[in-house]
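Q: Here it is, the structure in full.
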Amino acid sequence: AQKVTQAQTEISVVEKEDVTLDCVYETRDTTYYLFWYKQPPSGELVFLIRRNSFDEQNEISGRYSWNFQKSTSSFNFTITASQVVDSAVYFCALSERMDSNYQLIWGAGTKLIIKP
Amino acid sequence: DAGVTQSPTHLIKTRGQQVTLRCSPKSGHDTVSWYQQALGQGPQFIFQYYEEEERQRGNFPDRFSGHQFPNYSSELNVNALLLGDSALYLCASFTAGQLNNSPLHFGNGTRLTVT
């Protein structure tokens, strides 16, 4: 069965600190897709990244970086030099297919609080 | 280019009543998914519509039903409301066959409170 675990319920850091959000997943498929979404107080889920299971290359996008390790079934998200605007709930999600029948399995989310 | 739009924004209903939530997909998208997000939890997949048919369904009772119209917009209906149905209901859209080129786009959701 598929499962996504985000063990950190809430993280609070001071602005400019680096912070890492953990995500551990379970799936029996060899092909799958991992996602990170940001949910600000407005409620809309904002897409951040998608990763395919066959591409373990880490990715950096500005202050954001992602570390994908199949050996530990983890897909962690790091924000460097955090800013108050980064405050939100962050979700990790998994899908075992990317056709018209795909659906996302979500973690419980990590609430990130960046203090000025 | 309008994104996914949902209405209403907020809704308060009483136990036992029925509710209809509406979603207009992002322009160019033909598939709509609905998710329920209880407070402090991640979204849970309810169902997905494509070509006016329900294509997939999550672990939700028959009280949850939906519809997709020829213009790709969609409705989510919940009958015999329970207190536990209180949640943020999110609609997402995409174009079947183009998932590799675009992620799932979400609306701002409808906050349903059942009293």
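Residue numbers (the numbering used here), protein chains in the order written: chain A, 301 to 416; chain B, 0 to 114.
C-beta atoms are modelled at their ideal positions from N, C-alpha and C, and glycine is treated no differently.
Only a predicted model underlies this, so the values are computations on that prediction, with no experimental measurement involved.
1) Give the DSSP-derived three-state secondary structure of A/Ser365 in the structure shown.
2) First and last residue of the beta strand (DSSP E) that includes B/His66?
3) Taking DSSP as the reference, what is the three-state secondary structure of A/Thr320?
4) Taking DSSP as the reference, what is the three-state secondary structure of A/Val385?
5) Which residues does DSSP list as the beta-bridge partners of A/Phe375?
6) Whose C-alpha, out of A/Ser361, A/Thr320, A/Ile413, is nearest the C-alpha of A/Val267?
7) Which class does B/Leu111 belong to by DSSP, given the choice of helix, strand or coil?
8) Under 8 Å between C-beta atoms, does B/His70 make it to chain A?
9) Rounded to whole angstroms, what's the CA-CA distance from A/Lys411 to A/Leu394? Just pull it up for me.
10) Need the endpoints of the beta strand (DSSP E) that B/His9 sits in, please.
11) Rounded to whole angstroms, what's the CA-CA distance from B/Val18 to B/Gly27? Just pull it up for me.
12) Take A/Leu321 and list the residues in its own chain whose beta-carbon comes closer than 6 Å to its own, dropping the five residues that flank it on each side.
13) Check each residue of the segment 327-352 of chain A: if its Cβ is closer than 7 Å to any Cβ of chain B, include it; give the result in chain order.
14) Using alpha carbons as the reference points, say which of B/Leu20, B/Phe44, B/Thr112 lies closest to B/Leu81.
15) Please confirm if the segment 75-93 of chain B is in contact with the segment 24-40 of chain B, defined as three or more CB-CB distances below 8 Å between the two stretches.
16) Give the range of the beta strand (DSSP E) segment to which A/Ala307 is assigned.
17) List, from N- to C-terminal side, the alpha helix (DSSP H) runs of 4 residues or more that fit wholly inside the segment 10-64 of chain B.
18) Taking any Cβ of chain A, which residues in the segment 36-63 of chain B have a Cβ under 8 Å from it, in chain order?
A: In short, the structure shows the following:
1) strand
2) 63-67
3) strand
4) helix
5) A/Phe368
6) Nothing can be reported for residue 267 of chain A: it is not among the residues displayed for chain A, which extend from 301 to 416.
7) strand
8) Note on identity: in this sequence residue 70 of chain B is Asn, with His being the wrong assignment. False, the Cβ-Cβ gap to chain A never drops below 8 Å.
9) 19 Å
10) 9-12
11) 27 Å
12) Phe377, Tyr390, Thr410
13) Ser342, Gly343, Glu344, Leu345, Phe347, Arg350
14) B/Thr112
15) yes
16) Premise fails: A/Ala307 is in no beta strand (DSSP E) and is neither H nor E.
17) none
18) Gly39, Gln40, Gly41, Pro42, Gln43, Phe44, Gln47, Tyr49, Arg54, Gln55, Gly57
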